[in-house]
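Quick note on the working numbering: the sequence shown kicks off at 1283 and runs consecutively.
For glycine and all other residues, C-beta sits at the position ideal for the given N, C-alpha and C.
Note that the coordinates shown come from a computational prediction; the quantities given were computed from them, not determined experimentally.
Beneath this line is the structure, given in structure tokens, with notes to follow.
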Amino acid sequence: MQRFHNTLSGKVEEFVPIEAGKVRMYTCGPTVYDYPHIGNWRAYVFEDLLKRFLLYSGFGVTHVMNITDVDDKTIKGANAKGVGLDEYTRPFIEAFASERDRLNILPADHYPRATAFIPEMVGLIKILLEKGIAYRKDGSIYFAIAKFPAYGRLSKISLEDLRPGNRGDADEYEKESVHDFALWKAPKEGEPVWETEIGPGRPGWHIECSAMSLKYLGRTFDIHCGGVDNIFPHHENEIAQSEAAHGVKFVHTWLHCHHLIVDGEKMAKSKGNFFRLSDVLARGFDAGEIRFLLLSTHYRKVLNFTDEALQQARTSRNRIRNFLFELRHVERDLPPNPAAARAIGEARTAFVAGLEDDLNISEALAALFELVRSVNILVARGALGREDAGRVIGFVKELDDSIMGCLTGEVRARPEIEERPDVHGETPVLDARLSALIEARQKARADRNFRLADEIRGELLAAGIVLEDTKDGVRWKRVGPAKP
Ligand SMILES: [Zn+2]
């Protein structure tokens, strides 16, 4: 049974979909006024983990993510550049899609664009006008939050200080200035205008998600996600619009991902710590390492994005990749070892149990590393045959293909053998004992004594040395601390 933290109740709850076996899920997508930054990707990777785990658990998932291509920020950007909205937003939409693929995020089933959903938004606003929940003022249409008593339930804001008639036109605002918000904005110099049944103008930001989710997922659906920044006002307003219009519960479970900070500080262009995916790639980290880092901090914790954290992600991920690499070189034929099957079974149970507990990724990864540890012991003892090694590889690959999405992908190309000087500026050297072991293994292989060769490989592995057999001979690299 999956349990997720529901922002609405403030509790971890058992997840029961509305329709057995099916999950309808909406995640707020990019506002395409700029390239996505690494903080955006953190939220999208978290949503990907959630979705992949639901799929792995046997649910069918319908996933919708909106593209906000008209709002205060996109209009401002397009005007500053002197181009139309479409021309202005296109490169950002393209960058979003290609970076999403780079991070191995499963695409949503639908990516509705706000500019293509004007009639649906107008339809919803019409209902709110007819019900007397929305009102007109100076050519704009506002949502009267006083008419929706449940307002504030998601974000737990207090409405005590709310002054009647207090309203605002900005798409984004702070909790302190809670007010009636714009559903439809009156025509303004320099802004795009749509001629509609409710009059000329353009939509506010919040109404699009209510209109799009209605179209694809219905009045009530299972899961809505976003970053904690979305809770107020955006998601609060979505609930107000949808529930006031339809009189039924909008979303059962709300999941929100916490902030990503850089070197302990909030990311900001002015601070020079504002990173796109391409910036991090340019620093020599690959997309799999970045995905591993974004995944490996629990979604309800602040993620501190630092060079050390990236290095650590690289090390952890390489431990698994080297492990797989090693397993591919197990050559001996042995009967199945029950210890290997047991290790796989325990890892699977613990991995799934971790994710079932509100996506506790630390528990899930610990299960994977425990598998690495226990199987390495079998390898070191010469107690793992080729078939068992294949089963372990298959299991890790299954978890990776379905959930992790960053462990095995590039392993086929073989992890890089580090022959360059190590971090201390010295070419790594092996002590005489390990060098002699490598030579002894070469001789064993030449003699076709694979049992002995495997044993020696295991011994080297236990000492943190991974071997690679190439056409030019054997190469080695250190994957763990040098042991005395
Ligand atoms: Zn939204």
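(message) Closer than 5 Å between the C-beta and any heavy atom of ligand 1: which residues qualify, listed along the chain?
(response) Shown in chain order are the residues whose CB sits closer than 5 Å to a heavy atom of ligand 1: C1310, C1491.
(request) Please report how far the alpha carbon of F1378 lies from the alpha carbon of R1435, in whole angstroms. (result) 32 Å
(message) What does the alpha-carbon distance come out to for the pair R1306 and D1683?
(response) 22 Å
(request) Please classify M1494: does DSSP put it in a helix, a strand, or coil? (result) helix
(request) Could you pull the start and end residues of the alpha helix (DSSP H) that Y1308 belongs to? (result) Here Y1308 belongs to no alpha helix (DSSP H); instead the beta strand (DSSP E) covers 1304-1309.
(request) Please state whether DSSP places Y1581 in a helix, a strand or coil. (result) Here Y1581 sits in coil by DSSP.
(message) Looking at V1612: is its Cβ nearer than 8 Å to the Cβ of A1671?
(response) yes
(request) May I have the straight-line CA-CA distance separating V1460 from N1519, to the nearest angstrom? (result) If I take the Cα positions, the gap works out to 11 Å.
(message) Classify V1294: buried if its beta carbon has 16 or more other beta carbons within 10 angstroms, exposed otherwise.
(response) exposed
(request) With DSSP collapsed to three states, give me the class of K1470. (result) Correct three-state label for K1470: coil.
(request) Could you say if the region 1334-1348 and the region 1308-1319 meet the contact criterion of at least three C-beta pairs nearer than 8 Å? (result) Touching, per the Cβ criterion.
(message) Buried or exposed, going by whether 16 or more other CB atoms sit within 10 Å of the CB of T1709?
(response) Bear in mind that a pLDDT of 44 at T1709, under 50, signals an unreliable position, so the number given afterwards is only what the model happens to contain. If you draw a 10 Å sphere on the C-beta of T1709, you find fewer than 16 other C-beta atoms in it, and that means exposed.
(message) I'd like to confirm the pairing. Which residues does DSSP put opposite S1422 in its beta bridges?
(response) K1419
(request) From the DSSP output, in three-state form, read off W1476 for me. (result) strand
(request) Compare the C-alpha of M1686 against each of R1601, R1573, A1714 and name the closest. (result) Closest option to M1686, judged by alpha-carbon separation, among R1601, R1573, A1714: R1573.
(message) Whole angstroms are fine: how far does the CA of L1716 sit from the CA of P1620?
(response) Taking the straight line from one Cα to the other gives about 31 Å.
(request) Name the residue from D1640, F1677, E1750, Y1393 whose alpha carbon lies nearest to the alpha carbon of A1622. (result) F1677
(message) Let's test the definition: count the other Cβ atoms within 10 Å of the Cβ of V1404 and tell me whether it reaches 16, buried, or not, exposed.
(response) Of the residues assessed, V1404 falls on the buried side of the cut-off, its CB having 16 or more other CB atoms within 10 angstroms.
(request) List the DSSP bridge partners of A1464. (result) Y1424
(request) With a 10 Å radius around its C-beta and 16 neighbouring C-beta atoms as the bar for buried, classify I1675 as buried or exposed. (result) buried
(message) Along the chain, where does the alpha helix (DSSP H) containing W1323 start, and where does it finish?
(response) Segment 1320-1338, the alpha helix (DSSP H) holding W1323.
(request) Compare the C-alpha of K1497 against each of Y1393, D1561, R1599 and name the closest. (result) Y1393
(request) Provide the residue span of the alpha helix (DSSP H) that contains M1686, from first to last. (result) Note, M1686: premise wrong, no alpha helix (DSSP H); not H, not E.
(request) Over the uninterrupted alpha helix (DSSP H) stretch that includes F1607, give me the two end residues. (result) 1589-1610
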